[in-house]
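Taking it in order: structure first as structure tokens, then the write-up.
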Amino acid sequence: MIQVSNITKKFDGFTAVDNISFSVAEGEIFGFLGPNGAGKTTTIKMLTTLLYPTSGEININGYNPVIDKNKVRHSFGIVFQDPSLDDELTAYENMEFHGVLYKVPKDIRKNRIEQLLKFVELWDRKNDLVKYFSGGMKRRLEIARGLIHHPKILFLDEPTLGLDPQTRNHIWSYIKNLNKEEKMTVFFTTHYIEEAERAAHRVAIIDHGKIIAAGTPQTLEEQTKTSSLEDAFLKLTGHVIREEEANPIDRLRLRHRFRKR
Amino acid sequence: MSTIYILWLRQLKRYFRSKSRIIGSLAQPLLFLLALGFGFGPIYQRAGGGNYIEFLAPGIIAMSIIFTAIFSGIEIIWDKQFGFLKETLVAPVSRLNIMLGRTLGGATVASFQGIIVFLISLIIGFRPENIMLLPLALIFMILTALLFTAIGTAIASLLEDMQGFQLIINFLVMPLFFLSGALFPLNTMPKALVIAARLDPLSYGVDGLRGTLVNGAHFGLSVDFTVLTIVVVLFLIIGSYLFSRIEI
Chain W
1175 MIQVSNITKK FDGFTAVDNI SFSVAEGEIF GFLGPNGAGK TTTIKMLTTL
1225 LYPTSGEINI NGYNPVIDKN KVRHSFGIVF QDPSLDDELT AYENMEFHGV
1275 LYKVPKDIRK NRIEQLLKFV ELWDRKNDLV KYFSGGMKRR LEIARGLIHH
1325 PKILFLDEPT LGLDPQTRNH IWSYIKNLNK EEKMTVFFTT HYIEEAERAA
1375 HRVAIIDHGK IIAAGTPQTL EEQTKTSSLE DAFLKLTGHV IREEEANPID
1425 RLRLRHRFRK R
Chain Z
337 MSTIYILWLR QLKRYFRSKS RIIGSLAQPL LFLLALGFGF GPIYQRAGGG
387 NYIEFLAPGI IAMSIIFTAI FSGIEIIWDK QFGFLKETLV APVSRLNIML
437 GRTLGGATVA SFQGIIVFLI SLIIGFRPEN IMLLPLALIF MILTALLFTA
487 IGTAIASLLE DMQGFQLIIN FLVMPLFFLS GALFPLNTMP KALVIAARLD
537 PLSYGVDGLR GTLVNGAHFG LSVDFTVLTI VVVLFLIIGS YLFSRIEI
């Protein structure tokens, strides 16, 4: 379903992703793990047509994201690392907006929106503005939204970041359910290694733009002679804390904080 | 088509839901109309210019349009920062349609704002000379609104955060407004300012409005219309080109 061969992404001389290759089979849940700044999000952006690779080839559902952009875009749904809902619209309007963009016919759209909003337990809040939603509700809405056009692949970039264990469990049970019933391929990144251990069929660990290990959680534990994926992860990537460059939102938040003082 | 429509609709919904924004953006033109209109009115009259409110109102209508329009365009930066832009950019639709939908939405909102200011100016004492020309005035409002939403979109595509916003207001919007002849007649200005006004696309919007509302066109309506249309097309092309190059 996803084939990546020798892709590299350079930003002004800095190599974010360095010659990586991997593949994900149909119906697989694939975890993409790595410390901050390892190149996870850059890779997802290349897989989802938001960035072009500097070199190398990608194949998503049989299409090349550089050439057949729209076919690739129809093939996947995505939940981004940071929220991407319109706060000034209601939950229903956010769903509707997505359905129209993906050209889902009106009657099918109506049914699916209802079905999905019920699935993530937001149907009774459908006419509320998203700005009044909690972090967990927004995440659930984003997952529901990403599914309106029935994608073959679901990309999740840290889908459970900043959520409490209850909500995280909830969300993972949805995802696993989808994977089982719809045979949906799931590609996710996370910092919660124990989530990957529980949910992923296979994982790859990326560090400094290179894939340093890949396989089932069990094989990685065996390879590193550790008893959990988290220990294996730490053994492979070391204990040094990584610095990430602040994005504009972080800078904005910082300014807010300074002004309040 | 459906893409353009849904993006247009989104701009409208956002606008009509933020009551504070509507009221806030009406305060400034109202202040200008009252303070300048009644403040300079007697002097303008004594200098032989006639009724200043008649002269000023089209300029203030244009002002409210340019501010709302630029702001609508700049809103893309918000969407970039708060993530919504990504949702539209990974969708299987062309960026040109996204940009057009947004721009039409922003322009609709700005034109609507222009109409409200027009109605307010009626209360204050503004009387259009020829009711028959009102539809033509509306066309000039829409053209002006389109132009500055496109300019806002172009600028927003280049900026990463709202840091540059003040810069745009002070170094672009304000000069464009003050040099456009919105507040004073162009024909008595020094040569350098007249040249600047000729280069300012807002001048043609103001002039077109003045020409249709009170018969006082400086350049002539056909010139206004031609120049505006050309510049609108030009900036729609520039705006959609820059928008298509956004990487996030």
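So the protein sequences, as listed, match chains W and Z.
All residue numbers for the first sequence refer to this note's numbering, where the first residue is 1175 and numbers rise by one.
All residue numbers for the second sequence refer to this note's numbering, where the first residue is 337 and numbers rise by one.
Don't be surprised by glycine CBs; every beta carbon is placed ideally from N, CA and C.
Predicted model only: the values in this text are computed from it and were never measured.
Chain Z residues whose Cβ lies nearer than 9 Å to that of residue i
i: tyrosine 1276(W); result: Ala427, Pro428 and Val429
i: isoleucine 1252(W); result: Lys422, Glu423 and Val426
i: leucine 1224(W); result: Lys422, Leu425, Val426, Glu583 and Ile584
i: arginine 1247(W); result: Val426, Ala427, Pro428 and Val429
Chain-ordered neighbours of residue i on chain Z, where CB pairs are closer than 8 Å
i: leucine 1337(W); result: None at all; the shortest Cβ gap to chain Z is about 17 Å.
i: glutamate 1262(W); result: Lys349, Arg350, Arg353 and Ser354
i: histidine 1324(W); result: Residues of chain Z passing the Cβ test: none, with the nearest at roughly 13 Å.
i: arginine 1342(W); result: Near arginine 1342(W) there are no residues of chain Z at all, since even the closest Cβ is about 20 Å away, more than 8 Å.
Cβ-Cβ distance between residue i and residue j below 9 Å
i: tyrosine 388(Z); j: leucine 372(Z); result: yes
i: leucine 1330(W); j: valine 1253(W); result: yes
i: isoleucine 1232(W); j: arginine 1283(W); result: no
i: glutamine 347(Z); j: glycine 461(Z); result: no
i: glycine 1208(W); j: aspartate 1405(W); result: no
i: leucine 343(Z); j: leucine 440(Z); result: yes
i: valine 1178(W); j: phenylalanine 1204(W); result: no
i: lysine 327(Z); j: leucine 1263(W); result: The requested residue 327(Z) is not part of the displayed model; chain Z covers only 337 to 584.
i: alanine 1327(W); j: phenylalanine 1250(W); result: First, the residue type needs correcting, since residue 1327(W) is isoleucine and not alanine in the sequence shown. In this structure, phenylalanine 1250(W) lies closer than 9 Å to isoleucine 1327(W) by Cβ.
i: isoleucine 1379(W); j: threonine 1411(W); result: yes
i: methionine 399(Z); j: glycine 575(Z); result: no
i: threonine 480(Z); j: leucine 545(Z); result: yes
i: serine 1258(W); j: glutamate 1316(W); result: yes
i: asparagine 1335(W); j: glutamine 1392(W); result: Rather than asparagine, the amino acid found at residue 1335(W) in this sequence is leucine. Result no, Cβ atoms of leucine 1335(W) and glutamine 1392(W) do not sit closer than 9 Å.
i: asparagine 1268(W); j: arginine 1319(W); result: yes
i: serine 361(Z); j: phenylalanine 420(Z); result: no
i: isoleucine 396(Z); j: alanine 553(Z); result: no
Environment of residue i [buried if 16+ CB atoms lie within 10 Å]
i: methionine 510(Z); result: exposed
i: lysine 1305(W); result: exposed
i: valine 1414(W); result: exposed
i: leucine 494(Z); result: exposed
i: lysine 1219(W); result: buried
i: aspartate 560(Z); result: buried
i: leucine 570(Z); result: exposed
i: glutamine 449(Z); result: buried
i: aspartate 1260(W); result: buried
i: glycine 1236(W); result: exposed
i: glycine 1383(W); result: buried
i: methionine 468(Z); result: exposed
i: alanine 383(Z); result: exposed
i: leucine 470(Z); result: exposed
i: aspartate 543(Z); result: buried
Partners in chain Z for residue i, counting only beta-carbon separations shorter than 7 Å
i: asparagine 1244(W); result: Pro428
i: phenylalanine 1271(W); result: Ile342 and Arg346
i: serine 1258(W); result: Gly419, Phe420, Lys422 and Glu423
Length of the line joining the Cα atoms of residue i and residue j
i: histidine 1344(W); j: phenylalanine 1293(W); result: 11 Å
i: phenylalanine 368(Z); j: arginine 353(Z); result: 25 Å
i: tyrosine 1348(W); j: valine 1240(W); result: 31 Å
i: asparagine 1238(W); j: valine 1246(W); result: 7 Å
i: valine 568(Z); j: leucine 535(Z); result: 14 Å
i: glycine 1187(W); j: glycine 1213(W); result: 15 Å
i: isoleucine 1194(W); j: glutamate 1395(W); result: 22 Å
i: glutamate 583(Z); j: proline 521(Z); result: 44 Å
i: leucine 1296(W); j: leucine 529(Z); result: 59 Å
i: leucine 578(Z); j: alanine 490(Z); result: 6 Å
i: glycine 500(Z); j: isoleucine 413(Z); result: 10 Å
i: isoleucine 427(Z); j: leucine 1290(W); result: For clarity, residue 427(Z) is alanine in the given sequence; the question names isoleucine instead. Answer to the nearest angstrom: the Cα atoms are 19 Å apart.
i: glutamate 1271(W); j: threonine 1398(W); result: What sits at residue 1271(W) in the sequence shown is phenylalanine, not glutamate. Roughly 47 Å separates the two Cα atoms.
i: glycine 385(Z); j: leucine 455(Z); result: 23 Å
i: lysine 1130(W); j: glutamate 1355(W); result: Residue 1130(W) lies beyond the range of chain W shown here (1175 to 1435); nothing can be said about it.
i: leucine 557(Z); j: asparagine 466(Z); result: 14 Å
i: valine 1191(W); j: tyrosine 1366(W); result: 22 Å
i: isoleucine 1287(W); j: threonine 404(Z); result: 34 Å
i: methionine 1311(W); j: aspartate 1281(W); result: 25 Å
i: leucine 458(Z); j: alanine 363(Z); result: 16 Å
i: isoleucine 573(Z); j: threonine 485(Z); result: 12 Å
Chain W residues whose Cβ lies nearer than 9 Å to that of residue i
i: isoleucine 396(Z); result: Correct list: empty, because the minimum Cβ distance to chain W is about 28 Å.
i: threonine 339(Z); result: Val1274, Leu1275 and Lys1277
Residues that residue i contacts on chain W, provided the C-beta gap is smaller than 8 Å
i: isoleucine 412(Z); result: Those within 8 Å of isoleucine 412(Z) in chain W number zero; the least Cβ separation is about 13 Å.
Residue i beta carbon near the ligand ZN (any heavy atom closer than 8 Å)
i: methionine 468(Z); result: With respect to the ligand ZN, the structure offers nothing, as it holds no ligand at all.
Nearest-angstrom Cβ-Cβ length linking residue i and residue j, presumed shorter than 8 Å
i: valine 1198(W); j: threonine 1359(W); result: 6 Å
i: serine 447(Z); j: isoleucine 410(Z); result: Not really, about 17 Å apart at Cβ, beyond 8 Å.
i: arginine 431(Z); j: serine 580(Z); result: 4 Å
i: glutamate 1369(W); j: tryptophan 1346(W); result: 7 Å
i: leucine 549(Z); j: alanine 532(Z); result: About 24 Å separates the two Cβ atoms, so there is no contact after all.
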